[in-house]
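K.L.:
Read left to right, the sequence shown gives residues 15 to 238 (this note's numbering).
Just so it is clear, CB atoms sit at the ideal spot from N, CA and C, and this is done for glycine as well.
Questions regarding the structure given below will be posed in turn.
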Amino acid sequence: MAHPVPPDFVVIFGRPGSGKSSLAERMGAEFGYNLIRTGEMLRAAIRRHDFLGQRVESHLAKGDLVPDSLIFELLEANLKSPGVSRLLFDGFPRTLGQVPLLEQFERRLDFRIDCYLEVVVSREEAVARMTGRRVCPKCGATYHLIARPPKVAETCDRDGTRLERRPDDTAQVVEFRQQVYDDHALPILDHYERKCPDLCRKVDGAQPFEAVYAETRRALGVRG
Ligand SMILES: [Zn+2]
15 MAHPVPPDFV VIFGRPGSGK SSLAERMGAE FGYNLIRTGE MLRAAIRRHD FLGQRVESHL
75 AKGDLVPDSL IFELLEANLK SPGVSRLLFD GFPRTLGQVP LLEQFERRLD FRIDCYLEVV
135 VSREEAVARM TGRRVCPKCG ATYHLIARPP KVAETCDRDG TRLERRPDDT AQVVEFRQQV
195 YDDHALPILD HYERKCPDLC RKVDGAQPFE AVYAETRRAL GVRG
């Protein structure tokens with residue numbers, strides 16, 4: 015049976031370049047989800063340079079992944095009580111090892127995830143999207159070689175500045191991030207498909223953004 019409102023506690027998955035984060039922001043704006051983003055929490059902790067931040071930094075400085083135990087502490091510090099607010103987890107759990115951490119949170123804070131949402135795009139499509147992105151270093155305008163090309167090749171429409179790739183968008187980094195997703199997120203999705211198939215939803219992320227958003231609302235049981 016369809017619900018008039020979306021579920022309160024959602025985890026969203028999608029490979030880099032899937033548009034997952036824009037979707038999460040839009041859902042947050044429309045339905046009042048509190049976005050739980052461990053990546054942002056990590057960066058904020060580093061900026062604060064507190065005890066937690068210093069430990070996070072020491073792992074990253076060595077090129078290590080931040081250990082799950084530290085991610086857990088970080089979430090705990092940020093997520094004392096969900097209260098009545100809706101939570102949308104974007105980027106957590108990131109590894110199979112973090113799945114039990116989420117379960118611990120559910121028990122401790124007394125909520126249950128009611129939807130695991132996957133934004134599906136092929137790896138090839140995601141790579142094409144990411145390597146095609148360009149940004150103006152002067153005004154910050156963003157372009158895409160295929161989806162939103164500038165009028166003059168590699169040149170900002172507003173101020174004529176030569177466009178650049180973001181440092182994260184080089185082919186090597188893009189492929190690495192896709193591989194990380196395949197290695198870590200796909201096993202998590204398999205896990206939930208087996209454990210609670212009725213809570214798993216997929217949307218086709220290869221469509222234009224508005225169509226993906228409309229499909230997402232339907233997948234969450236929102237009418238109208
Ligand atoms: Zn510009």
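1. Which residue's Cα is closest to the Cα of K34: G67, P20, D104, A91?
2. To the nearest angstrom, report how far apart M15 and R237 are at their CA atoms.
3. Ligand 1 and A155: does the residue's C-beta get closer than 7 Å to at least one heavy atom of that ligand?
4. Among the residues of its own chain, which have a CB less than 8 Å from the CB of R208, if the five just before and after it don't count?
5. So the candidates are V133, T184, R51; which of them puts its Cα closest to the Cα of D218?
6. R172: beta carbon under 7 Å from a heavy atom of ligand 1?
7. The beta strand (DSSP E) that contains T156, what's its start and end?
8. Between L66 and A91, how many whole angstroms is the CB-CB distance? I'm expecting something under 8 Å.
9. Keeping to the same chain, check which residues put their C-beta closer than 6 Å to that of V80; ignore five residues upstream and five downstream.
10. Is the CB-CB distance between L84 and I202 below 8 Å?
11. One question on the structure: do L123 and L88 come within less than 8 Å of each other, judged by their Cβ atoms?
12. Just confirm the distance between the C-beta atoms of L93 and F119, as a whole number of angstroms; I'd bet it's less than 8 Å.
13. The beta strand (DSSP E) spanning C24 covers which residue range?
14. In chain order, what residues of the same chain have a beta carbon less than 8 Å from the beta carbon of A155, not counting five sequence neighbours either side?
15. Does the Cβ-Cβ distance between Y227 and C214 come in under 8 Å?
16. For E117, which residues does DSSP report across the bridge?
17. So, for D183: in the same chain, excluding its five sequence neighbours on each side, which residues have a beta-carbon less than 7 Å away from its beta-carbon?
18. Do you know offhand how far L200's Cα is from G174's?
P.N.:
According to the data block:
1. Within the sequence shown, the letter at position 20 stands for residue 34. Of G67, P20, D104, A91, the residue nearest in Cα terms is D104.
2. For the purposes of this step, residue 15 is identified with residue 1 of the sequence shown, where counting begins at 1. For the purposes of this step, residue 237 is identified with residue 223 of the sequence shown, where counting begins at 1. With a pLDDT of 46 at M15, under the threshold of 50, the modelled position of this residue cannot be trusted, and the question is left open.
3. Along the sequence shown, one-based indexing puts residue 155 at 141. For ligand 1, at least one heavy atom lies less than 7 Å from the Cβ of A155.
4. Looking up residue 208 in the sequence shown gives position 194. If you ignore the 5 residues before and after R208, its C-beta comes within less than 8 Å of no other C-beta in its own chain.
5. Counting from 1 along the sequence shown, the entry for residue 218 is found at position 204. Put simply, of V133, T184, R51 the residue whose alpha carbon is nearest the alpha carbon of D218 is V133.
6. What you label residue 172 is simply residue 158 of the sequence shown in a count that begins at 1. Yes, Cβ of R172 sits closer than 7 Å to a heavy atom of ligand 1.
7. Numbered from its first residue, the sequence shown carries residue 156 at position 142. Where T156 is concerned, the enclosing beta strand (DSSP E) stretches over 156-158.
8. Here residue 66 refers to the residue found at position 52 when the sequence shown is read from its first residue. Here residue 91 refers to the residue found at position 77 when the sequence shown is read from its first residue. That belief holds up - the Cβ atoms of L66 and A91 are roughly 7 Å apart, short of 8 Å.
9. To locate residue 80, count along the sequence shown from 1; it is residue 66. If the five residues before and after V80 are omitted, its C-beta is found closer than 6 Å to the C-beta atoms of V70, H73, all from its own chain and listed in chain order.
10. Sequence index remark: in the sequence shown, residue 84 carries index 70 (1-based). Sequence index remark: in the sequence shown, residue 202 carries index 188 (1-based). With contacts defined as CB atoms closer than 8 Å, L84 and I202 fail to qualify as a contacting pair.
11. For the purposes of this step, residue 123 is taken as residue 109 along the sequence shown, with counting starting at 1. For the purposes of this step, residue 88 is taken as residue 74 along the sequence shown, with counting starting at 1. Remark: C-beta atoms of L123 and L88 do not approach each other more closely than 8 Å.
12. On the sequence shown, position 79 is the one that residue 93 refers to. On the sequence shown, position 105 is the one that residue 119 refers to. With 8 Å as the limit, L93 and F119 qualify as a contact, their Cβ atoms being about 7 Å apart.
13. Counted from its first residue, the sequence shown places residue 24 at position 10. Inspection of the sequence shows that residue 24 is occupied by Val rather than by Cys. Here the beta strand (DSSP E) through V24 covers 23-28.
14. Within the sequence shown, numbered from 1, the residue matching residue 155 stands at position 141. Excluding its 5 nearest sequence neighbours in each direction, A155 has C-beta neighbours in its own chain below 8 Å: V149, C170, D171, R172, listed in chain order.
15. Within the sequence shown, residue 227 is the residue found at index 213, counting from 1. Within the sequence shown, residue 214 is the residue found at index 200, counting from 1. For the pair Y227 and C214, the CB atoms are not nearer than the 8 Å cut-off.
16. For the purposes of this step, residue 117 is taken as residue 103 along the sequence shown, with counting starting at 1. DSSP, once it has assigned bridges, lists no residue as partnering E117.
17. Locating residue 183 in the sequence shown gives position 169, where the first residue counts as 1. When the five nearest sequence neighbours on each side are left out, the beta carbons in the same chain lying within less than 7 Å of the beta carbon of D183 are those of M144, T145, R147, in order along the chain.
18. For this step, residue 200 is matched to residue 186 along the sequence shown. For this step, residue 174 is matched to residue 160 along the sequence shown. Taking the straight line from one Cα to the other gives about 42 Å.
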